Structures are given as C-alpha cells and as structure tokens.
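So the structure is just underneath, and the comments pick up after that.
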Amino acid sequence: MTTFVASLHLPYTVHFDNGSDTPSYRSPYGSPTHARDRPSVAKSPPRMQLATVRVDPPRSFEAPSPIPNLLQTLGRSLSSVNTNEPTPPLTPTAAGSPTGEELFFKLAHSENPPLGSPSEPSFTRKLNQPKPRPTVRPGLPSSGDSEEGQGPGDGYFALPPAPTRYREKRRSSASERPFKGKSWHIEKTDQGNGGLKNAVEAAIAEGTLDDKTWVGTLGFPTDGLDDSMKVAIEGRLREDCDSIVAFPSDKDFDGHYNHYCKEILWPVFHYQIPDHPKSKAFLDHSWKYFEAVNRSVADVIIKDYKRGDTVWVHDYHLLLVPVMVREALPDAKIGFFLHVAFPSSEIFRCLAHRKQLLEGMLGSTLIGFQTEEYARHFLQTCSRLLCVEARNDGVQLDNRFINIAICPIGIDPVQLDEKRKEEKVQVWLEALKTRYAGKKLLVARDKLDGVRGVRQKLLAFELFLKKHPEWVGNVVLIQVALTTTSIVELQSTVIDIVTRINCAYSTLDYQPVVYLHQDISYYQYLALLTIADGLVVTSLRDGMNLTSHEYVYCQDQKHAPLILSEFTGSASIFNGADISVNPWDHSKCANALYLALTMSEEEKKQRWEKLYGAVMHHTAAYWFSTFLEELDRTWTEQQKCGSTTIPRLSTKALVDAYETSEKRLFLLDYEGTLASWGSPTSIILAGPQRTLDVLHDLSQDENNVVYIMSSRTPEELERLFHRVPDIGIIAESGCFIRHPQGIEWTRVADEELPWKKSVREILEYYVERTPGTFVEERNCSFIWHHEESEDPILAARQAGECCNHVNDSCENYRVHAVPTGEAVLVESQDWTKATAAKMVAEKIVGNGGSPVDFLMVVGDGRDDEPVFSWANDLETSGEVKNVTTVKVGTKNTQANATVTGVAGVIAALQKLATTIPPTSTTV
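Residue numbers for the sequence shown follow full-length UniProt numbering, beginning at 1 and rising by one.
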C-alpha cells in the first residue's frame, strides 16, 4: 500500500531549459545531494527605493543572484591569508564592502577558486522558472490606491502611482506564457522541510518504507504554464519521482504562503501575536487563500487514494488537509505531524479561525507533536475552545477518538557521517584551524527572524566580554544569519549590536564577532560544527533544533558543550546534558558562555555521551517508522471501535452463551442504559418499574451476580433499588460498592480528598460568572450544571475554560474535569467503574465460588468504555469464556455489540431472565 507524504513543497521542481544557459553547477534530480549542499545567497539589508520588490520573498519564489568573483576583491588566495594581519574592515556594514571573514567563507562559491584553496561547487544556478507577479497584500487596494499603514516598513518598498491602463497592461503581460514550447527537466530542490526529506530517505535506506508518494506544490508560479505542460510535468513527476503535484493558482499560493502562513500562523505558533494594524486588515481575506491551497492538496490525495493507503500530512501549512480528506474518505488512515511548536491556548485563541484549524487537525487518525509540552497545549486548546473531552492520550469526539503521539524528529547519522568524511570538509577544517589558531570558537547558525533569538545571543556575548575581559582576544563568535524575514528593524538592530561589539573589543589581529549575513556551504557548516568549542542556540521558541543534533554528532572528538535555549523542543530530549539557558536572561546566558569555555574535559565528555545517546536514539529513520507504526496501531483500534463495523447484539448468541455457562456476572449501567435520562436533580426516573422487574428476575438465579453501575450517590441509588436487595450497586462511578444482600457500603475512595476545597472554589467562581448555573456536590465528585444558563453560548465557552482551569490546577491530585454535554463533571482518575468492576470480579473468585464464565457489560457513556476494554481483555486472555460488551447508541465504542436504546437492553435481559439453563437452580 502507498504512503502519501504531503507537505507544501515537493522535494523536486522544474527547470526550463535555455539555449544560452551554461550553469557552473547543476544537480540533476536523481543525484544524491543534501539540502545544505546548496548555499544561500548573501544579502544586504534593503534600501528604500521605488520598486515592487519584497524584502524577503519566499525561497520557493526567489531565484538567487550569482555570487560575483571575489578573488579580485580579495587580491590573494586562501592559502596566503596571514592570520596575524588585521581584517579590514573590523565591523560589518549594511551595504558596504564585505569583511575579510565574509570573503573567507565566500571563497567556497568562487567560480574559479585559486589553486590549493577548498574547491566547492559554485552557488546554485538561477533556475529558469516563471516569476511571481508583483502583488500587494490580499484584500488591500492595488498600487495607486490609498491605504493607511501600507509601506516599506512592513516588508514592501513604496509603489509609485500608476495609471489604470498601465496597470492593466502590466497584469496582462505577467500572465503571458514565455515558457510554452520550452524543454524542461526535473531537479531536486532545497525548498521545504529538509528534515522530512532526510527522514524519508533514511527510512527507504533502512527498508522500512517501500511504497511512498510525495504530494505538494512545485514552489513557483504555475499560472503561466498551459494545461498540456502541466499534464506533462505531472506525468514525469509521477513516473520518475513518485510524486503527485497540486497546482493552486498563483494568487492562492501567494496569499496562503506569504500572508496567512508567514504573517499569521508562524508568529502565533511561536508565541508572537501579529498585532500590527496591517495584519488585521487582510486576515479574513488571506484565510480564503489558505483554504484554497489546502483544498488543492487534499483533492489530489483524494483522487489518487486507494483503500488501504496511508495519508501522512506535514506541518502548519496544511492544517486543513486532514479534515478535507476525512470528509471524502471517512475510513482513511490519516496522520498529521506538526514540525513546529504548538502554543498555549491563550495564544492560539487569538486566531480568528481557531476552531476551523483545530477541527482540521482533528480530521486525523493520529496527531504527532515534537514534545509533550506541545501535545499538552493542543489538548488544553481543544478542551477550552471546542469543549470536548481531552485525555492524556487524545481527544474524544462524539463519533470517534483522535490519538496523540509524541515523536521527536532527528537527523540521519548515516548520511551525515558520509558527508563528514568527504575531503572538502577536511580541507575546510584545516583552513579554519589555521585562521583561528589559538582562539576558542563559539558557533551559531540561525535564520534571522523574530523567534531565533539572534539579538539576545549577541547581547549575551557582549555582556560576557564585559564581565570577563580576560577572554577578549581569545574567543570568537561566528554567527551565520540566514535572511528569511521582512523585519528590516531586526536586521538593523543585529548589525548595530555587532558593530558596537567589534568597535569596542577589536584589536589589530582580533575581531570578536564574525557576522555572516549569508548562508555557507554544507562543507563549511560541517567543518564549523567539528572545530567549534561551543554551539550557541538561543531560540525564543523552536521545535526540534536539528542543528544542535548535528553539532553533537560532529563533536565525537572534542566533546564541546552545547548551549541550548530551554524553549527549544530539543531541550526536552537532552535531559539536562546541555547547558540550558533562558534567552531573555542575558546575565545567565553570559554565565553559560563562560561555563562552556571553562568546563573540564571530564565533564564535557560526560555531557556529550548523554547528548550523543539521545541523538542516536531519536534518529530520522526511528521517527519515521515509529510514527507510522503508531498510526497503523491506532487506526486498527479505531476501526474496531467504529459504529459501522460493530454488529448489533444477537439475542440468540447471547442466550446460547447464557445457557452453557455456570457462573454469570452482569455489570449494567443505569441512566441511559436501563432507564431513560431524567432530571439531573431528580431521583425519579422514567419508567423504572419494568427495569426493576427484570433485575429481580435475573437475580433470582443463584448462578447470576448482578451489579448496577451509576454516577449517582449511594443515598439516591438505595432509594431507587431498595426493592431489589439481591443486586449489587456501584455508586459515584466506582467510589462506593454495595454487594448483593449487603447493607453496608464499602467506600473505595480515600476518606480525605484534599482537592475538593480547591475544586469547589473554582466551580463557584464560574457559577458567579455564568448566571443560571449551579454546582452539585457529591461525596467524591462535583458536577457544574449549565443546562439552564441564561446565555448558552457563554456557558459553553465557560465550560471549556472551567475544564482547563481544574485540570491545570489539580493535575497533581489526579483529578480531571470532563465536559458532558450541558455539564462539567469533576472526578478522580484513581477510582472508576473499571476499578470497581475488577474488585467485584476478584471478590466473586475470592469467596470460593466457581470462576465467572459468562460476563455481560452494558453501558452508554464514556465512563463505560474502560469497563468494556477490561472485559474484552478477559476474553482475549482466556480468563472468561463468554464476554458480551454492549454499547447503547451509535457512537464509536470498544464494545463488541450495540443496541439502539433502552428498550433493546431491557428486551435482551428479559429474554435471559426467562431462560432456565439446565445447570441453574431457580429459587
């Protein structure tokens, strides 16, 4: 069966051939290249000018400019560099000449490197592809119209007014098709999720993935391609690359990626609420583009899907795809994995389309997160915003259960090891040793955006030099900054800090900060990780920081320490072996730098061994196979619980099992199962007389043991069943038990419940805020009723808030709050109907009676599901020969049979009560 791996960008793209195109470096799609083999172009902060150019267009829509030959500027080869000479200029400039350090790293990209210098492929050639049309924000007036707040400070340069006729002509020319009739070929691309691509390749190499199909977009505008060319490209990708491509319109893709994903979702998922006025102006409009691209990807999956296939959707760009596929394919096996952080409910609720996004994710069979923290935030958000039951292992909806998995992604050590052994890495390693001889190197490589903490890192390094002047001249921070942001202010701030540090502490032969506003080649990157005396990661919020994993792997000789932000997902798997820092605490970060540089060799080795063990355990291949195995398991379980796959209760089979058994145990829920639901405050339920008669008849057989299960108090149940003394009663969902013919109640729960006072105060707080609600206090539980509230919408929202409040405050007491329609139930997790059922079964065997060989469990609610599971396990293990578990209603369940209502249950029990087995002695 096929596994569809769906991400926004395919790992392949299209290059349109040009007769004059003579690239210095070309990577055909079939070659085993690494994503980082293609370094990014160095960019300077933009200057104001009249042009329709975005400061930081998406990588997929950007064709990088070729790097000029820098040897003429440098005037000497790498081999002639004298490390004792000053490096002019000592401070970086926004748009001036590159520093000597920049030239040092740019030599890798020279088309004609000097003899003896590290020879590497030149910069990835400019792909010949359709270019994006000049656009303005979705939903805002076009150029020439007025819009308050639109301007260069928000990522766009100023647009000069243009006549309407000119604008129409420009739009017409942008949609022409200059690529019609041109030859083309498929190439690998470094856009998209590199960690996912490496994981797929690793899984294929290990043999854990046989049949896979990539699903995504090409990453460039496709409106200019005619239909025949699209069909040809799609056919080639399908045949040669195991890929199917979605073709959203250019307008949809731009609004989806540039606006909704990058300016709304990305900040919110990283705890940065987009509060700029212009963000609110187009939010609703860009949502339509987000929906359109998700629909485009979902449609190609639905079209190619065959029964038994697996759909695995990746990352926040495609949050709506799971539910779109689910609507068309209700029984599909759908996994979703979020590669970034998931924020707390307080942050996520700021999104206007929060419910649609959550419901989109809940279309999955299994949802994966990098850390336990992100999974907990998701569960709390679902409970608060959707008012559904969120358990530790997933979310319970009305018709199905969605499981949660925590699977940290990792690196591919096999591929990394192959790259490390290449001669080019060794050449660069020697070059770096020569250039920085006698100095300690702190290394960092980050995207220059608002969540990577580059500014905080530089401020901490500045403070470190101030607090420890003895290290001035002996330590160098090499900061590689990848330009991927439209925040001009951040770029300027970082450059100002670097300039200030270098001006204050530089000498003739020393520059404390080497700031590379560019990417470097993959060979240089590996050499830096190998020679570094410390990697500094100060992300303000991050998923798995795989740079830190690669650094640990490359430090098998030096064992240099890792300085890691506590707000990264990687910190959760390293278990304190890293030097954990809070990026906002500059003083503690400076102390961490000092600790890393002065740490003993013995401690370095001990820490590194723990880090290395975590990295080698959480590899890319392990992540891939673990998630798919968990997806297979959960899908199989959910299929068993599907209402359409569970048969109706067969009365004949039930009677046959009853007649051939000798010792029978009945565990019967009351409300909703043996009697219709009545008023929550009333103990007089609808039509109980027939139920009492049936229970009396069943209990007359001495081989039958009958127990009633209910969430009501012992006092209420005594009044209901005082006329049937031969039955046992389980009250308050397992907290109290009264055995047949007994008078006294056995309290299973603890006498003292320290959480009750705190819970009562919380519930009273919500009663005050929600008119028309009240709290029902029982011996071991509380119920906050809001079915008669004055404002049902407010009450529903407050119910979600209340559940989160109780679950967060009383987590240590093992207490949980569950929304149950028009109420919130607060009960202990230690005493349930399932624990009471186990005690009953043990008591029957412990009293010297014959073991139970017939067990029947009937219920209608979520609290009956654990009893179903326990009973089914008894049959599977062979402890009980005949087990019948019955769910009342049509919801998904773990029971092995269903009935439609209370009447069906009473009819089945009455049939058994009138059956006299040959082994029975009727009183």
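Backbone N, C-alpha and C fix where the C-beta goes; we use that ideal spot for every residue, glycine too. Here the structure is a predicted model, which is why all the values come from computation and not from measurement.
- Taking 3 residues as the minimum length, the beta strand (DSSP E) runs contained wholly in the stretch 433–460 are 440–447, in order along the chain.
- Counted as a single uninterrupted DSSP element, the beta strand (DSSP E) harbouring glutamine 396 occupies residues 394–396.
- For aspartate 669, the closest C-alpha among the options Pro330, Ser699 and Tyr707 is that of Tyr707.
- Spanning the alpha carbons of alanine 199 and threonine 626 requires a straight line of approximately 12 Å.
- Taking 8 Å as the cut-off, the Cβ atoms of leucine 540 and isoleucine 497 do not count as close.
- By the Cβ neighbour-count rule, tyrosine 765 is exposed, with fewer than 16 other Cβ atoms within 10 Å of its own.
- DSSP lists Ala444 and Tyr515 as the beta-bridge partner residues of glutamine 479.
- Take cysteine 589, set aside five residues on each side of it, and the residues of its chain with a beta-carbon closer than 6 Å to its own are Ala460 and Val581, in chain order.
- Of the residues assessed, valine 231 falls on the exposed side of the cut-off, its CB having fewer than 16 other CB atoms within 10 angstroms.
- Counting along the chain, the unbroken alpha helix (DSSP H) around alanine 913 starts and ends at 902–913.
- The stretch 850–867 makes contact with the stretch 657–667: 3 or more CB pairs, one atom from each, lie closer than 8 Å.
- For histidine 617, the uninterrupted alpha helix (DSSP H) run begins and ends at 601–617, by DSSP.
- Contact between the stretch 435–450 and the stretch 467–481 is present: three or more C-beta pairs spanning the two stretches fall below 8 Å.
- By the C-beta criterion, the stretch 412–429 is judged to be in contact with the stretch 517–536, since at least 3 inter-stretch pairs fall below 8 Å.
- Partner residues in the beta bridge of asparagine 403, as assigned by DSSP, are Leu366 and Gly394.
- The stretch 5–18 makes contact with the stretch 215–224, as at least three CB pairs between them are under 8 Å.
- Boundaries of the alpha helix (DSSP H) around methionine 229: 227–241.
- Leaving aside the five residues that flank leucine 432 on each side, the residues in its chain whose CB is nearer than 6 Å to its CB run, in chain order, Ala527 and Ile531.
- Runs of the beta strand (DSSP E) lying entirely within the stretch 512–575, each at least 3 residues long, are 513–516, 534–537 and 562–565 in chain order.
- Sequence-distant partners of glycine 728 (beyond 5 residues in either direction) whose C-beta falls short of 8 Å from its own C-beta, in its chain, are Val705, Val706, Tyr707, Ile708, Ile737, Arg738, His739, Pro740, Gly742 and Val840.
- Within 10 angstroms of the beta-carbon of leucine 631 lie 16 or more other beta-carbons, which makes it buried.
- Taking the Cβ atoms as the reference, leucine 667 lies roughly 6 Å from alanine 837, within the contact range of under 8 Å.
- For leucine 912, the CB contacts under 6 Å within the same chain, skipping 5 residues up- and downstream, are Tyr658 in chain order.
- The stretch 813–830 makes contact with the stretch 789–805: 3 or more CB pairs, one atom from each, lie closer than 8 Å.
- Within its own chain, the residues whose Cβ lies closer than 8 Å to the Cβ of serine 650, once the five positions on either side in sequence are excluded, are Ala897, listed in chain order.
- Two segments are said to touch when three or more pairs of C-beta atoms, one from each, lie closer than 8 Å; by this definition the stretch 266–273 touches the stretch 341–360.
- Cβ-Cβ distances below 7 Å link leucine 794 to Thr770 in the same chain, with the five nearest sequence neighbours on each side left out; the list follows chain order.
- Rounded to the nearest whole angstrom, the CA to CA distance from histidine 722 to leucine 692 is 10 Å.
- In this structure, alanine 731 sits near arginine 712, with a CB-CB distance shorter than 8 Å.
- Relative to the Cα of leucine 595, the nearest Cα in the group Thr636, Lys467 and Gly672 belongs to Lys467.
- In the three-state DSSP reduction, asparagine 474 falls in the coil class, being neither helix nor strand.
- By the Cβ-count criterion, asparagine 502 is buried, with 16 or more other Cβ atoms from all chains shown falling within 10 Å of its own Cβ.
- Here the C-alpha atom of arginine 455 lies approximately 8 Å from the C-alpha atom of leucine 490.
- Listed in chain order, the alpha helix (DSSP H) runs fully inside the stretch 700–746 are 714–721, counting runs of at least 4 residues.
- The beta carbon of glycine 889 sits closer than 6 Å to the beta carbons of Asp860 from its chain, once the five residues preceding and following it are set aside; these are given in chain order.
- Classified as exposed, glutamine 700 has fewer than 16 neighbouring CB atoms from the shown chains inside 10 Å of its CB.
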